[in-house]
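Heads up: the structure comes next, in structure tokens.
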Amino acid sequence: MQEVLNYIAGEFQPAEDGTTLYDINPALETQIATIPRSKSSDVEKAVVAAHSAQKAWSSLTLEMRAGWLDRIADALEVKAEHIAQTETLDTGKPLSLSRRVDAARSVSNFRFFADFARQQTPESFEMDDAMNYVHRTPVGTVGLITPWNLPLYLLSWKVAPALLMGNTIVAKPSEITPLTANILAQTLDELDLPAGVFNLVHGLGPEVGQAILEHPGIQGISFTGGTATGRIVARTAAPMFKKLSLELGGKNATIILEDADVELAVQGAVKAAFTNSGQVCLCGSRIMIHEAIAEAFIPAFVQRVSELKVGDPMLESTDMGTVISYEHLQKVESYIELALEEGGKILTGGTQAMTGHPHPEARGAYLRPTVVTGVSSASRCATEEIFGPMVTLHTFTDEQQALDMVNASEYGLAGSVWTKDLERGRAFASQIESGIVWVNTWLHRDLRTPFGGMKLSGVGREGGRWSMDFFSELTNICVKHPDQ
Ligand code: NDP
79 MQEVLNYIAG
89 EFQPAEDGTT
99 LYDINPALET
109 QIATIPRSKS
119 SDVEKAVVAA
129 HSAQKAWSSL
139 TLEMRAGWLD
149 RIADALEVKA
159 EHIAQTETLD
169 TGKPLSLSRR
179 VDAARSVSNF
189 RFFADFARQQ
199 TPESFEMDDA
209 MNYVHRTPVG
219 TVGLITPWNL
229 PLYLLSWKVA
239 PALLMGNTIV
249 AKPSEITPLT
259 ANILAQTLDE
269 LDLPAGVFNL
279 VHGLGPEVGQ
289 AILEHPGIQG
299 ISFTGGTATG
309 RIVARTAAPM
319 FKKLSLELGG
329 KNATIILEDA
339 DVELAVQGAV
349 KAAFTNSGQV
359 CLCGSRIMIH
369 EAIAEAFIPA
379 FVQRVSELKV
389 GDPMLESTDM
399 GTVISYEHLQ
409 KVESYIELAL
419 EEGGKILTGG
429 TQAMTGHPHP
439 EARGAYLRPT
449 VVTGVSSASR
459 CATEEIFGPM
469 VTLHTFTDEQ
479 QALDMVNASE
489 YGLAGSVWTK
499 DLERGRAFAS
509 QIESGIVWVN
519 TWLHRDLRTP
529 FGGMKLSGVG
539 REGGRWSMDF
549 FSELTNICVK
559 HPDQ
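Just so you know, my numbering puts 237 at position 159 of the sequence shown, and the rest follows in order with no gaps.
What follows is the structure, given as structure tokens:
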């Protein structure tokens with residue numbers, strides 16, 4: 079079994095009190111690693127290390143730090159297959175997905191921010207009698223807290239711009255998926271990143287995560303996770319006036335207008351619903367279908383979903399692996415049962431008790447992709463974030479009704495609209511209360527664009543210059559021209 083350690087002040091080390099937690103492979107339900115169950119004393123050590131590295135790191139030029147990002151990207155790229163295999167072992171997601179999305183994006187996050195920094199020009203604003211210069215300094219030591227669904231993808235999305243802007247880091251990955259964060263720490267160590275610039279502290283959210291939030295020496299928090307945890311983060315960090323970025327949950331809609339290309343919409347809706355077993359914050363878990371196209375769309379959608387191959391995540395042929403854990407499987411199954419109580423009908427899928435184990439030769443947290451119809455758009459199944467392979471279908475008769483259903487959600491993270499009329503799609507998208515809306519596509523990302531949510535889906539934006547803004551403090555320096 080692998081022994082994962084904290085990475086503090088350039089040293090791999092156990093938790094100060096020596097306690098550990100097990101990391102479980104959800105496909106085999108076996109223990110694959112131990113990780114430190116760190117406490118506030120470990121966070122304290124990480125903050126001291128980060129502070130001692132801060133001055134030297136922030137005094138490098140932006141170009142020099144961009145050079146570091148390039149070297150990190152190159153080193154991770156060499157390990158891309160190892161990262162993909164490890165992510166699959168830790169999460170149960172298909173290896174093809176780990177390769178295409180997790181490993182590839184972890185590399186490109188570093189490469190993107192390095193290139194993006196080089197394209198920036200200094201900002202200044204001229205007045206008749208003075209010149210204003212926008213001067214950036216790092217926030218300081220920042221706390222990065224990330225979830226289990228896209229472990230290295232989301233951690234690197236924060237680490238790259240934080241390093242670029244001259245910050246030092248205390249990071250905590252989800253204790254459910256610690257392995258690729260450990261690969262990142264090993265990579266930075268091999269590259270001789272100065273000690274203390276990046277510190278990784280493993281452990282439980284209410285212990286390590288909470289200690290990061292509470293530490294007065296951490297000036298900014300970038301958090302991605304559930305809305306309930308986001309409330310704790312805000313409640314703890316806001317009174318200390320820490321800079322805060324909150325990327326939280328969602329209940330995203332996929333809207334099929336009556337003029338949609340049925341084949342394209344089916345493909346897109348399946349991908350939006352069931353990628354990573356529905357465990358992407360952007361997944362479209364409620365599908366709104368115009369009545370005029372429902373007869374063509376619904377049977378084709380259900381057919382396609384029932385053809386998805388659920389099985390061993392290490393096999394190339396697998397479309398859907400496990401969900402993240404057996405506990406999470408039970409949560410998703412409880413929603414399938416709730417759907418029946420709420421008057422719903424299952425068109426395909428169901429709980430293991432209803433349909434049998436989808437991968438009979440294995441144990442593991444496998445669940446069939448499940449499609450439910452007949453529940454109200456105001457039902458719990460259609461309004462609460464389930465974060466698993468289950469979607470609800472709803473029909474509408476006009477655009478206003480669709481918009482009312484979509485915007486009734488307390489969340490506002492993402493959505494997709496499917497129509498052959500691109501102008502109509504764009505106009506419709508602009509009325510959806512969400513941080514991102516795709517027209518005729520899903521999860522199509524340009525890393526320069528703002529990313530984040532409205533309402534219960536979060537506060538603030540990351541991506542491109544928004545990440546650079548979050549991870550820096552801005553001083554306006556106004557220089558008066560000499561009197562003529
Ligand atoms: P959680 O909110 O449970 O956990 C996220 C992180 O916060 C984990 O590292 C967790 O540690 C930590 N944490 C838990 N409690 C505390 C605390 N008191 N103080 C500080 N940190 C704490 O989310 P999940 O890991 O379950 O991830 C799924 C959620 O993430 C979904 O709601 C999903 O929508 C959301 N998400 C949002 C994204 C976005 O961009 N908007 C992207 C991806 C996911 P531990 O694991 O030890 O509990």
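C-beta atoms are modelled at their ideal positions from N, C-alpha and C, and glycine is treated no differently. All values derive from a computational prediction rather than experimental measurement.
Check whether residue i and residue j have beta carbons under 8 Å apart
| i | j | result |
| --- | --- | --- |
| Val-220 | Asn-245 | yes |
| Leu-269 | Pro-251 | no |
| Leu-147 | Phe-188 | yes |
| Leu-407 | Pro-447 | no |
| Val-248 | Ala-134 | no |
| Ser-535 | Gly-327 | yes |
| Lys-320 | Ile-299 | yes |
| Gly-614 | Ser-487 | As displayed, the chain neither begins before 79 nor continues past 562, which places residue 614 out of reach and without an answer. |
| Gly-295 | His-129 | yes |
| Cys-361 | Ala-351 | yes |
| Leu-282 | Glu-325 | no |
| Phe-276 | Pro-239 | no |
| Asp-193 | Asp-101 | no |
| Val-121 | Phe-549 | no |
| Ala-331 | Leu-322 | no |
| Thr-396 | Glu-415 | no |
| Lys-329 | Glu-462 | yes |
| Val-380 | Ala-417 | no |
Delimiting residues of the beta strand (DSSP E) encompassing residue i
| i | result |
| --- | --- |
| Phe-203 | 202-204 |
| Met-483 | Met-483 -> not in any beta strand (DSSP E); alpha helix (DSSP H) instead, spanning 477-485. |
| Gln-91 | 89-91 |
| Arg-364 | 362-368 |
| Gly-221 | 219-223 |
| Ser-494 | 492-496 |
| Lys-321 | 321-325 |
| Val-344 | That residue, Val-344, is in no beta strand (DSSP E); its alpha helix (DSSP H) goes 340-352. |
Residue interval of the alpha helix (DSSP H) (run including residue i)
| i | result |
| --- | --- |
| Met-432 | 430-433 |
| Met-546 | 542-548 |
| Thr-307 | 305-315 |
| Leu-154 | 140-156 |
| Asp-193 | 182-196 |
| Lys-117 | No alpha helix (DSSP H) holds Lys-117; DSSP gives it neither H nor E. |
| Tyr-413 | 404-419 |
| Glu-539 | Sequence inspection shows Arg at residue 539; the Glu mentioned does not correspond to that position. Element bounds for Arg-539: n/a, residue is neither H nor E. |
| Phe-301 | Not the alpha helix (DSSP H): Phe-301 falls in the beta strand (DSSP E), residues 298-302. |
| Gly-503 | 500-508 |
| Asp-566 | No information on residue 566 is available, as it lies outside the stretch 79 to 562 that the chain covers here. |
| Tyr-231 | 229-242 |
| His-266 | Reading off the sequence shown, one finds Leu at residue 266, where the question assumed His. Segment 257-268, the alpha helix (DSSP H) holding Leu-266. |
| Leu-278 | Where Leu-278 is concerned, there is no enclosing alpha helix (DSSP H), although the beta strand (DSSP E) it sits in stretches over 276-278. |
CB-CB length for residue i against residue j, believed under 8 Å
| i | j | result |
| --- | --- | --- |
| Pro-23 | Val-517 | The question about residue 23 has no answer, for the chain in this structure spans 79 to 562. |
| Ala-111 | Met-79 | 6 Å |
| Gly-490 | Gly-513 | 7 Å |
| Lys-117 | Ala-144 | The Cβ separation is near 36 Å, so there is no contact. |
| Val-449 | Val-383 | 6 Å |
| Arg-364 | Thr-470 | 5 Å |
| Pro-114 | Leu-83 | 6 Å |
| Ala-338 | Ile-371 | 6 Å |
| His-437 | Gly-389 | 5 Å |
Among the options, the one whose alpha carbon lies nearest that of residue i
| i | options | result |
| --- | --- | --- |
| Gly-274 | Arg-446, Pro-391, Leu-266 | Leu-266 |
| Thr-258 | Glu-285, Thr-166, Ser-202 | Thr-166 |
| Glu-369 | Ala-162, Ala-480, Glu-385, Ala-312 | Ala-480 |
| Phe-30 | Ser-130, Ile-254, Val-401, Phe-301 | Residue numbering for the chain in the displayed model covers 79 to 562; residue 30 lies beyond these limits and cannot be assessed. |
| Glu-336 | Gly-493, Ser-550, Met-532, Thr-473 | Thr-473 |
| Thr-108 | Val-515, Val-453, Gly-442 | Gly-442 |
| Phe-203 | Gly-530, Tyr-211, Gln-91 | Tyr-211 |
| Arg-309 | Val-537, Trp-544, Phe-548, Asn-554 | Val-537 |
| Gln-297 | Gly-428, Thr-307, Thr-215 | Thr-215 |
| Arg-523 | Trp-235, Thr-97, Ala-153 | Trp-235 |
| Ala-195 | Asp-547, Cys-459, Ala-127 | Asp-547 |
| Thr-24 | Met-205, Val-279, Gln-197 | Because the chain in this structure spans residues 79 to 562, residue 24 falls outside the shown range and cannot be described. |
| Thr-255 | Met-205, Gly-170, Gln-198 | Gly-170 |
| Thr-519 | Gly-356, Leu-525, Ala-492 | Ala-492 |
| Asn-103 | Gln-264, Phe-379, Pro-172 | Pro-172 |
| Gly-356 | Phe-301, Thr-199, Tyr-444, Val-340 | Tyr-444 |
| Ser-136 | Asp-95, Leu-241, Ala-306 | Leu-241 |
| Met-142 | Glu-155, Leu-99, Leu-271, His-213 | Leu-271 |
Validate contact between the segment 176-189 and the segment 207-223 using beta carbons, cut 8 Å, 3 pairs
No, the segment 176-189 is not in contact with the segment 207-223.
Within 8 Å, do at least three Cβ pairs link the segment 498-509 to the segment 418-435?
no
Contact between the segment 184-203 and the segment 145-162 is defined here as three or more beta-carbon pairs at a separation below 8 Å; is this criterion met?
yes
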